[in-house]
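Here's the structure, in structure tokens; my notes come after.
In this note's numbering, the protein residues as written are 1 to 530.
Given below as structure tokens:
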């Protein structure tokens, strides 16, 4: 989806993930008993390609009611009207597209499912409490409906993606077939690196050499502003630590290959070594002593020539770099994704963006038929994703790229078509934009795909109520003692580590660790992961 979410900092973990995932139910997504699904038309039988549902019948005209997140586009009524002409001809169907808007969207979304309003399909996502709602029986199981009413989608979505949309052996959503990769990384001044003859950035040592080189030669603070994102995400990626359980703070799995080896990282020798390295970096002036209270973005300092590095995930890096191409064309940027430390990238869950059918939906079968069209027919896909040809875009001569503004339309005053169709996206159906964008992004995506492994940690979603007080106390200790250590802002590293560990234990970190371990093991059991 377009609003990229990261786990880059403990502050993000605490503030963002708590708001999105804390309500996801007290049980793991795959090892709980789902709520009652009485009244649904489908019975679940995972793995079966035989449908008991009736053959498609479109003799009765129906109007579908769908909900998407966000706001409608400026010309949404025109696009929907054209869509309905096509749907009425092909499926004897029209559709009413409703939007939650971004104002208090979560409350509105929850009410839609709680009220029993007659909705035929709506956007669903792991960050919109998909697993919680699936466990509560808010969605209709689709196993027996998909082969008959969405056969192309049923056969083209991967087994892994269907697995991620499954709760207690029942498929509750149709996931977008569009892998998103959001590894953390470092945006840096490539022109300065070349000018100063600094080594190519490819590991921790070359990052240090770059920061030291620009510090001395340009007389600036390399990470000038908030620097915690840069250091904390680099630490996790460098060590191969995988944070699990959302808001678990210091709890990590030691590596992708040993997911059940779960520890509190401040008690590891890796953290000891890292804290000492960061002490030397702080002494070299790679960031300011008040960086933890500084509210300035390090990227802003790059624009004014007063900074040299900035933390961004991959899509965020693309946006930052393309923005600089317009505002500061004299600057050339480079990007080092931290995934290169271990040559490992995990996509976001397929159900980060998906479409689901509420259990009270009156027209589930027709909704799946429409979804099958939108996902797999180029005429439908282009319309719902890019708008009206000639008005919102035009096709390039190669027939593969879209051009915006369309040919013959002035750029001044042009407003494109853009709505939250993330749940409908299919990678093979996407059109690339002819102009604009970050030249290196396509190659980066190919790199991510080549080293991609399923995201087995994102499915460990928990309710922390049983250890809520301990968790809050641990998070407080992290901010008071852990963050200064991570940034090398302590007089004596060894003494600071000993104090940090003592405070964590007093706060109840061992209880949180035990709880995360139990819930993670249950999730891994359900996923068949050793």
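The beta-carbon is built from N, C-alpha and C at its ideal position, and this holds for glycine as well.
Quick caveat: nothing in here was measured; it's all calculated off a predicted structure.
Cβ shell of residue i (< 6 Å), same chain only, five flanking positions each side left out
i           : result
residue 429 : 381
residue 235 : 274
residue 253 : 242, 244, 259 and 262
residue 446 : none
residue 80  : 97
residue 227 : 287 and 291
residue 222 : 211, 214, 215, 286, 308 and 309
residue 425 : 176 and 178
residue 61  : 92
Secondary structure of residue i, DSSP reduced to three states
i           : result
residue 347 : strand
residue 149 : helix
residue 459 : coil
residue 117 : coil
residue 451 : coil
residue 175 : strand
residue 98  : strand
residue 384 : helix
residue 490 : coil
residue 250 : coil
residue 395 : strand
residue 139 : strand
residue 409 : coil
residue 389 : strand
residue 262 : strand
residue 400 : coil
residue 41  : Confidence is the limiting factor: at residue 41 the pLDDT is only 35, short of 50, which leaves the residue's position unreliable and the question unanswerable from this model.
residue 530 : coil
residue 432 : strand
residue 426 : strand
residue 377 : coil
residue 499 : helix
residue 105 : helix
residue 131 : helix
residue 78  : helix
residue 505 : helix
residue 415 : coil
residue 155 : helix
residue 520 : helix
residue 484 : helix
residue 549 : Outside the shown range of the chain, which is 1 to 530, sits residue 549, and nothing can be said about it.
residue 363 : coil
residue 442 : helix
residue 514 : helix
residue 472 : helix
residue 88  : helix
residue 342 : coil
Proximal residues to residue i (C-beta, below 7 Å), its chain only, five neighbours per side dropped
i           : result
residue 278 : 231, 486, 487 and 488
residue 272 : 497
residue 190 : 332, 333 and 334
residue 473 : 507 and 508
residue 301 : 224, 225 and 307
residue 312 : 185, 187 and 320
residue 203 : none
residue 282 : 487, 488 and 489
residue 23  : Because residue 23 carries a pLDDT of 33, less than 50, the predicted location of this residue cannot be relied on, and the following value inherits that uncertainty. These residues qualify, in order along the chain: 129 and 132.
residue 200 : 206
Beta-bridge pairing of residue i - partner residues as DSSP gives them
i           : result
residue 122 : 67 and 356
residue 311 : 186
residue 333 : 189
residue 166 : 171
residue 242 : 253
residue 93  : 62
Beta-carbon separation (whole angstroms), residue i vs residue j, contact threshold 8 Å
i           : j           : result
residue 477 : residue 504 : 5 Å
residue 224 : residue 298 : 6 Å
residue 70  : residue 364 : The Cβ separation is near 24 Å, so there is no contact.
residue 96  : residue 117 : The pair is not a contact, with the Cβ atoms about 13 Å apart (cut-off 8 Å).
residue 392 : residue 378 : Not really, about 16 Å apart at Cβ, beyond 8 Å.
residue 152 : residue 376 : 5 Å
residue 180 : residue 345 : That belief does not hold up - the Cβ atoms of residue 180 and residue 345 are roughly 11 Å apart, past 8 Å.
residue 143 : residue 163 : Between residue 163 and residue 143 the Cβ distance is about 12 Å, and since that is not below 8 Å, they are no contact.
residue 402 : residue 395 : 6 Å
residue 500 : residue 481 : 4 Å
residue 123 : residue 68  : 5 Å
Residues near residue i by beta carbon distance below 8 Å, same chain, minus five either side
i           : result
residue 369 : 56, 58, 91, 93, 149 and 150
residue 513 : 251, 262, 263 and 264
residue 388 : 75, 78, 79, 82 and 417
Residue ranges of each beta strand (DSSP E) run of no fewer than 3 residues wholly in the stretch 182 to 230, ordered along the chain? 184 to 189
Let me know the beta strand (DSSP E) ranges lying completely inside the stretch 266 to 328, each 3 residues or longer, listed in chain order. 309 to 313
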